[in-house]
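Engineer: Handing you a structure now.
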Amino acid sequence: MSGAVNEKELIGTGLKKRTEEALANDFLRKAVAFTTDKLKTGRLGAMETFGNWEEWRERGKQIRKHVVENLDYYLTQFTDNVSKAGGNVIFCQSGEEAVRTFLNIAEERKAKLVAKGKSMVSEEIHLNHHLEERGIEAIETDLGEYILQLAKETPSHLIIPAIHKNKQQIADIFAEESGEPMVPETRVLADYAKTRLRNYFLEADIGLTGCNFGVAESGAITLVSNEGNGRMVTTIPKCHVVIMGMERLVPTYDDLEVVLNLLARSATGQKLTTYTSMITGPRREGELDGPEELHLIILDNGRSAQLGDPVFQDVLHCIRCAACLNVCPVYRHVGGHTYGSVYSGPIGAVLTPLLQQDMKEAGQLSYASSLCGACYEACPVKIPLHDMLVQLRARKVKLGLTPLAERMAFKTFRTTFGNVTLYKMATKSAYYAMKPFVSKGYIKKAPGPGAGWTQSRFLPMKPKMSFRDRWEALQRELKQQGQDGAKAAKKGGERHE
Ligand code: SF4
5 MSGAVNEKEL IGTGLKKRTE EALANDFLRK AVAFTTDKLK TGRLGAMETF
55 GNWEEWRERG KQIRKHVVEN LDYYLTQFTD NVSKAGGNVI FCQSGEEAVR
105 TFLNIAEERK AKLVAKGKSM VSEEIHLNHH LEERGIEAIE TDLGEYILQL
155 AKETPSHLII PAIHKNKQQI ADIFAEESGE PMVPETRVLA DYAKTRLRNY
205 FLEADIGLTG CNFGVAESGA ITLVSNEGNG RMVTTIPKCH VVIMGMERLV
255 PTYDDLEVVL NLLARSATGQ KLTTYTSMIT GPRREGELDG PEELHLIILD
305 NGRSAQLGDP VFQDVLHCIR CAACLNVCPV YRHVGGHTYG SVYSGPIGAV
355 LTPLLQQDMK EAGQLSYASS LCGACYEACP VKIPLHDMLV QLRARKVKLG
405 LTPLAERMAF KTFRTTFGNV TLYKMATKSA YYAMKPFVSK GYIKKAPGPG
455 AGWTQSRFLP MKPKMSFRDR WEALQRELKQ QGQDGAKAAK KGGERHE
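Laid out in C-alpha cells, this is it:
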C-alpha cells in the first residue's frame, strides 16, 4: 500500500481495494497494532491511577452535551471575547469558503511561506493543496505531519499521523530530502527535523494552527501538543491564523480542566500533554512576543446539519482523542489510509458521511466496523459510535443505496424467516446445497457471494438435522418410550392379577 490516498479516489468504491492492500501489508499491520497497543495500555494505566474515571467521563459528556445543545450562545460569547481581545473572527459555511478566506489573508499579506502546527481541520479542507496551487509554500512543523508531507502522504491517525512508519522508513525519507545518508536513530532524526524546521519558523509570513478548545468565558484558544512547534508557530510569525471546527468549545476554564484531563489520558495515557498553550488575542502593547494579527476562522462544513438530529448530534461531542481508533479491531488491522478520509477509525466512519453529506460513497464506511462497541467503551465523552454506525447503515437502506443483490437477498431472507414452512424447507435444502462444496466438514472455498466469507475462515457444514428436527425427534422418542413403559406396566399388572 502506498499510503498516499488519492483525494479524488472515491471513498466507498475504493474501500475494498484499499482494505485488501492494507491486509496484505504485514509491516503496516504490525506497526499499527504495536503503537495502538502502547496507546491503549497507556490509557488504561492513566484511567486506573485517575481513580473515579467513570465520573470524569460522565462530566466530560455533560460538558460537551451542554455546549453542543447551546452552541449558538457559546459561539457568540466566545467570538465576542476573541474580538474584544483584538482577534478577527470569520465564520465559514463550507470548506471552500474557509480556503478562500485563508488565501485572501495570505495574498493580502503577500505571504510566501506558511508554518503550520497540527490542524485536522486544515486537512479536512485540503488547505495545503490549495496553497500549493497559488504558489504559497506550507510547511508542516509537527514532526509526524512533516514526515508525511515529505512522503506526500496524508495522516493515518488522529494524533500519531505517521503511525504506519518505522525509523528506517523515516530515515530514508529524510535522506532523500537532504541528499545525505541518515542513521535510523530517534535522536538523529529529531535533530535533523529540528534544524530544518527552525528556519521555517523564523521565515514564515503566517503561522497556522488548529484549536483543541475555545474557552467561551475568555476567548482563549487552547492548543495542546507534545512538541514545541505549536508555540513557535503562534509566536514568531507576524500573523497567526487559527482554523477550528465550530463545535470545539467549552464554557469555562473549570470545564477546560475536565476535558484536558480526559483528552491527554485517553490519547496517550499522559496526565497532561507536554505543552498546553492558551492564546487570547494578538500581541498587546508592551508584550515581547506574539503575532501582530490573529485571525480565527470558524468552520461549519456540515457540522450544523447535525444539530437537532436525535441520533447524530452527539457526534459533535468528540474531542479528537483517537481512543476509539486504538481499540477498534478494524482500524488496528488496516490503519487509517484505508478509510480514504482525513478522519479514520470509528469516529471517521461516522463523521465522514455526515460532514460530507454523502451516504452513497462515504456512507460505505459505516460497514468498516464489527459493531463490537469497544469504541464506545473507550470514548471519554461516551459517544455511542456503534449505535450511530447501525443508524447510518439503516439510512443507506432507507435511501435505497444498497446494491440490488443485497436488497433481494434480505427480501428473500425476510420472507423465508417469516414463514415456518418456508423456513423448514430452506434449512433442509441448505444441507444439500452446501454438500458439493464440503471437505472434512467445512467449506473452504465458497462460490459466488459466499466467497468473501471463506477468504479468511472456513464455513462449517450445516448438520443434516437441524436443532429443531433433533428436538422433535427426541420428543417423539421420549413419548414412545413413555407409551412403551406404560404398556409394559399394564401387561405386568394383568399377569399379576
Ligand atoms: S469519538 Fe470519542 S474516543 Fe473517538 S476520537 Fe472522539 S472523543 Fe475520542
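Our numbering puts the first residue of the sequence shown at 5, with every later residue one more than the last.
Every residue gets a Cβ at the ideal spot worked out from N, C-alpha and C, and that includes glycine.
How big is the Cα-Cα spacing for Leu253 and Leu266?
Structural biologist: Each residue's Cα considered, the two are about 15 Å apart.
Engineer: Considering only heavy atoms of ligand 1, does any lie closer than 7 Å to the CB of Pro357?
Structural biologist: Not so, every heavy atom of ligand 1 lies at least 7 Å from the Cβ.
Engineer: Quick check on Lys321: does DSSP put it in helix, strand or coil?
Structural biologist: In the sequence on display, residue 321 carries His and not Lys. In this structure, His321 counts as helix in the three-state DSSP scheme.
Engineer: Report yes if the CB atom of Ala119 is closer than 8 Å to the CB atom of Tyr196, and no otherwise.
Structural biologist: No, the pair does not count as a contact, with Cβ atoms beyond the cut-off.
Engineer: Keeping to the same chain, check which residues put their C-beta closer than 8 Å to that of Gln484; ignore five residues upstream and five downstream.
Structural biologist: Excluding residues within five positions, none has a Cβ falling inside 8 Å.
Engineer: Under 8 Å, with one C-beta from each stretch per pair, do the region 67 to 87 and the region 296 to 305 reach the 3-pair mark?
Structural biologist: Result yes; three or more Cβ-Cβ pairs closer than 8 Å.
Engineer: Taking Tyr279 as part of the beta strand (DSSP E), name the residues at either end of that continuous run.
Structural biologist: 279 to 283 is the span of the beta strand (DSSP E), which, as asked, contains Tyr279.
Engineer: Whose C-alpha, out of Glu25, Ala450, Glu73, Lys122, is nearest the C-alpha of Val319?
Structural biologist: It is Glu73.
Engineer: According to the Cβ coordinates, are Ala353 and Leu369 closer than 8 Å?
Structural biologist: Yes, these two residues count as a Cβ contact at 8 Å.
Engineer: Glu34: which of Glu127, Val331, Arg336 sits nearest, CA to CA?
Structural biologist: The sequence given here has Lys at residue 34, not Glu. Ranking the options by Cα distance to Lys34, first place goes to Arg336.
Engineer: Just to confirm, is the Cβ distance from Gly214 to Ser123 under 8 Å?
Structural biologist: Yes. Within cutoff.
Engineer: Tell me, please, which residues DSSP counts as bridged to Glu144.
Structural biologist: Glu144 is bridged to Lys120.
Engineer: If you draw a straight line from the alpha carbon of Ser6 to that of Asn230, how long is it in whole angstroms?
Structural biologist: Here the model assigns Ser6 a pLDDT of 40, short of 50, so the residue's position is not dependable, and the following value carries that caveat. Between Ser6 and Asn230, the C-alpha separation is close to 28 Å.
Engineer: Is any non-hydrogen atom of ligand 1 found closer than 7 Å to the C-beta of Ala378, if you look at the structure I gave you?
Structural biologist: Checking every heavy atom of ligand 1 against the Cβ of Ala378, none is found closer than 7 Å.
Engineer: At the level of alpha carbons, what is the spacing between Phe420 and Glu137?
Structural biologist: According to the sequence as given, residue 420 is Thr; it is not Phe. Their backbone Cα atoms lie some 57 Å apart in a straight line.
Engineer: Taking 8 Å as the threshold, find out whether the region 155 to 172 comes into contact with the region 28 to 45 through three or more Cβ pairs.
Structural biologist: The region 155 to 172 vs the region 28 to 45: in contact.
Engineer: Measuring alpha carbon to alpha carbon, tell me which residue in Pro453, Phe462, Arg474, Gly232 is nearest Lys432.
Structural biologist: When only C-alpha atoms are compared, the closest one is Arg474.
Engineer: Should Ala477 go down as buried or exposed, given a rule of 16 or more other Cβ atoms within 10 Å for buried?
Structural biologist: Its Cβ having fewer than 16 others within 10 Å, Ala477 is exposed.
Engineer: Taking just the CA atoms, how far does Asp41 sit from Pro255?
Structural biologist: Cα to Cα, the separation comes out at about 34 Å.
Engineer: Classify Ser126 as helix, strand or coil using the three-state DSSP reduction.
Structural biologist: If DSSP states are grouped into helix, strand and coil, Ser126 belongs with the helices.
Engineer: Let me check you understand the geometry: is the CB of Ala327 closer than 7 Å to at least one non-hydrogen atom of ligand 1?
Structural biologist: Ala327 Cβ: within cutoff of ligand 1.
Engineer: Take Lys386 as the anchor and find which of Arg104, Cys322, His341, Gly452 has the nearest alpha-carbon.
Structural biologist: Cα-wise, what sits closest to Lys386 is Cys322.
Engineer: What's the gap between the Cα of Pro188 and the Cα of Leu79?
Structural biologist: Their backbone Cα atoms lie some 46 Å apart in a straight line.
Engineer: Less than 7 Å between the CB of Pro384 and some heavy atom of ligand 1, yes or no?
Structural biologist: Flag set: Cβ of Pro384 near ligand 1.
Engineer: To the nearest angstrom, how far is it from the Cα of Val393 to the Cα of Gln310?
Structural biologist: Looking at the sequence provided, one finds Leu at residue 393 rather than Val. For Leu393 and Gln310, the distance between alpha carbons rounds to 15 Å.
Engineer: Run through DSSP, which three-state label would Tyr347 get?
Structural biologist: In this structure, Tyr347 counts as coil in the three-state DSSP scheme.
Engineer: As an exercise, report each continuous alpha helix (DSSP H) stretch of at least 4 residues that is fully enclosed by the region 27 to 76, in chain order.
Structural biologist: The qualifying runs are 30 to 54, 57 to 73.
Engineer: Just to check, is the beta-carbon of Ser2 closer than 7 Å to a non-hydrogen atom of ligand 1?
Structural biologist: Since the first and last residues shown for the chain are 5 and 501, residue 2 lies out of range.
Engineer: What distance in whole Å lies between the Cβ atoms of Ala372 and Ala327, which are believed to be in contact at a cut-off of 8 Å?
Structural biologist: With a Cβ gap of about 17 Å, Ala327 and Ala372 do not count as contacting.
Engineer: Around the Cβ of Leu408, are there at least 16 other Cβ atoms within 10 angstroms (buried) or fewer (exposed)?
Structural biologist: Classification of Leu408: exposed, given that the 10 Å Cβ count is below 16.
Engineer: Check for me: the alpha helix (DSSP H) holding Asn132 runs from which residue to which?
Structural biologist: Where Asn132 is concerned, the enclosing alpha helix (DSSP H) stretches over 131 to 137.
Engineer: With a 10 Å radius around its C-beta and 16 neighbouring C-beta atoms as the bar for buried, classify Gln401 as buried or exposed.
Structural biologist: Here the sequence assigns Val to residue 401, which means Gln is not the residue at that position. It counts as exposed.
Engineer: Contact check, Ile67 vs Val262 under 8 Å by CB: the rounded distance?
Structural biologist: So it is a contact: roughly 6 Å between Cβ atoms.
Engineer: Would you check if the region 238 to 245 and the region 264 to 280 touch, i.e. whether three or more CB-CB distances between them fall below 8 Å?
Structural biologist: Verdict: no, contact absent.
Engineer: Please classify Lys21: does DSSP put it in a helix, a strand, or coil?
Structural biologist: In this structure, Lys21 counts as helix in the three-state DSSP scheme.
Engineer: Closer than 7 Å: is that where the CB of Arg397 sits relative to any heavy atom of ligand 1?
Structural biologist: No, since every heavy atom of ligand 1 falls outside the 7 Å radius drawn around the Cβ of Arg397.
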